[in-house]
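Since the structure comes first, as structure tokens, the remarks are kept for the end.
Spelled out as structure tokens, the structure:
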């Protein structure tokens, strides 16, 4: 079986910094990612950014239909040849601009090696536009992964609340720099996000509220909310929140309770 480097050389592919291209090249890690993801009970697997198709090839072995979105059209010949006569559909275009309406009511498993600069928009698109997705296995920079799984402290952010509102989050494995072509500057981590239905509020409005709560991290929650709530002291007391608390010390459940009180 051809190595990733051999596919790239054969098709004279030059990797592009503007797309944040670091292609997974280790068969060992592709097997680990697919095995640990435990993909089941879904209609499709959607892969975001297949690159040279190393992970795609392992996903195809699951027997499930794989739909892969690739923004770099110079990979067209390579991917079409590699997955000719296989249960893989390659869609060339920007996933962030893709129409996901056909998958709105489908059970989807996402899998992706996400560039740092578009990680948050991709997560938001998945959660909002395909609300019935089942799970997502995401390979992200280690620092970004720490922000997603944080429950308090300096890494805890609106993103942490956003992801944990929708999903149970589990770290699957670390992936070293050496597993990629070219080697990135820092190591990566694979997280599994499993959709839950614990909460039932208007997601978009809730996250607007969260961004206001985190608008000035070094300020107290009282200071951040006074722009939208008149008697903020009474409001926080009714929610059981210390008005001197900082945003990074308040849990997802507490934020939900605050939001429900806010919209009464």
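In UniProt numbering, the protein residues as written are 1 to 264. Every residue, glycine too, gets a C-beta built ideally from N, C-alpha and C.
**Prompt:** Identify the residues that DSSP records as bridge partners of residue 180: which are they?
**Reply:** Taking the chain shown and counting its residues from 1, the one referred to as residue 180 is at position 180. In the DSSP output, where bridge partners are listed per residue, residue 180 has 24.
**Prompt:** Since residue 171 is in the beta strand (DSSP E), which residue starts that stretch and which ends it?
**Reply:** Taking the chain shown and counting its residues from 1, one reaches residue 171 at position 171. From DSSP, the beta strand (DSSP E) with residue 171 extends over 167-175.
**Asked** Does the beta-carbon distance from residue 82 to residue 53 come in below 7 Å?
**Response** Residue 82 sits at position 82 when you count from the first residue of the chain shown. Residue 53 sits at position 53 when you count from the first residue of the chain shown. Yes, Cβ-Cβ distance for residue 82 and residue 53 is below 7 Å.
**Asked** Span of the alpha helix (DSSP H) holding residue 10?
**Response** Looking up residue 10 in the chain shown gives position 10. From DSSP, the alpha helix (DSSP H) with residue 10 extends over 4-10.
**Request:** Look up residue 44 in the DSSP assignment and give the residues it is bridged to.
**Result:** Here residue 44 refers to the residue found at position 44 of the chain shown. Answer by DSSP bridge pairing, in chain order: 108.
**Asked** Excluding sequence positions up to five away, which residues of its chain have a Cβ less than 7 Å from the Cβ of residue 187?
**Response** If you number the chain shown from 1, residue 187 lands on position 187. Hits under 7 Å: 142, 174, 175, 176, 177.
**Request:** Please work out which residues of its chain come closer than 6 Å, Cβ to Cβ, to residue 51, disregarding the five sequence neighbours upstream and downstream, and give them in chain order.
**Result:** Counting from 1 along the chain shown, the entry for residue 51 is found at position 51. Result list for residue 51: 23, in chain order.
**Prompt:** At what residues does the beta strand (DSSP E) containing residue 135 begin and finish?
**Reply:** Walking along the chain shown from the start, residue 135 turns up at place 135. 135-141 is the span of the beta strand (DSSP E), which, as asked, contains residue 135.
**Request:** Please state whether DSSP places residue 89 in a helix, a strand or coil.
**Result:** By one-based count along the chain shown, residue 89 stands at place 89. Residue 89 falls in the strand class under three-state DSSP.
**Message:** I'd like to know if residue 95 contacts chain D, where contact means its C-beta is closer than 7 Å to some C-beta of that chain.
**Reply:** As a matter of chain content, chain D is missing from the structure shown, which is built from one protein chain.
**Message:** On the CB-based measure, 16 or more other CB atoms within 10 Å of its CB, does residue 9 come out buried or exposed?
**Reply:** Reading the chain shown from its first residue, position 9 is the one you call residue 9. The residue is exposed, with fewer than 16 neighbouring Cβ atoms inside 10 Å.
**Asked** Can you tell which of 71, 37, 7 has its C-alpha closest to the C-alpha of residue 18?
**Response** Along the chain shown, read from residue 1 onward, the residue named residue 18 stands at position 18. For residue 18, the nearest C-alpha among the options comes from 71.
**Request:** Please list, in chain order, all residues of the same chain as residue 193 whose beta carbon is under 6 Å from its beta carbon, the five residues on each side excluded.
**Result:** Looking up residue 193 in the chain shown gives position 193. Cβ-Cβ distances below 6 Å link residue 193 to 136, 167, 169 in the same chain, with the five nearest sequence neighbours on each side left out; the list follows chain order.
**Asked** Got a sec, what are the start and stop residues for the alpha helix (DSSP H) residue 194 sits in?
**Response** Working through the chain shown from its first residue, we reach residue 194 at position 194. Run containing residue 194: none in the alpha helix (DSSP H); it sits in the beta strand (DSSP E), 188-195.
**Request:** Indicate whether residue 88 and residue 60 have their beta-carbon atoms separated by less than 7 Å.
**Result:** Here the question's residue 88 lines up with position 88 in the chain shown. Here the question's residue 60 lines up with position 60 in the chain shown. Yes, the pair counts as a contact, with Cβ atoms nearer than the cut-off.
**Asked** Roughly how many angstroms lie between the CA atoms of residue 66 and residue 243, to the nearest whole one?
**Response** Residue numbering aside, residue 66 sits at position 66 when the chain shown is read from its first letter. Residue numbering aside, residue 243 sits at position 243 when the chain shown is read from its first letter. Cα to Cα, the separation comes out at about 49 Å.
**Prompt:** Given a threshold of 16 other Cβ atoms within 10 Å of its Cβ, counted over all protein chains shown, does residue 108 qualify as buried or as exposed?
**Reply:** Along the chain shown, one-based indexing puts residue 108 at 108. The residue in question, residue 108, is buried, as its Cβ has 16 or more Cβ neighbours within 10 Å.
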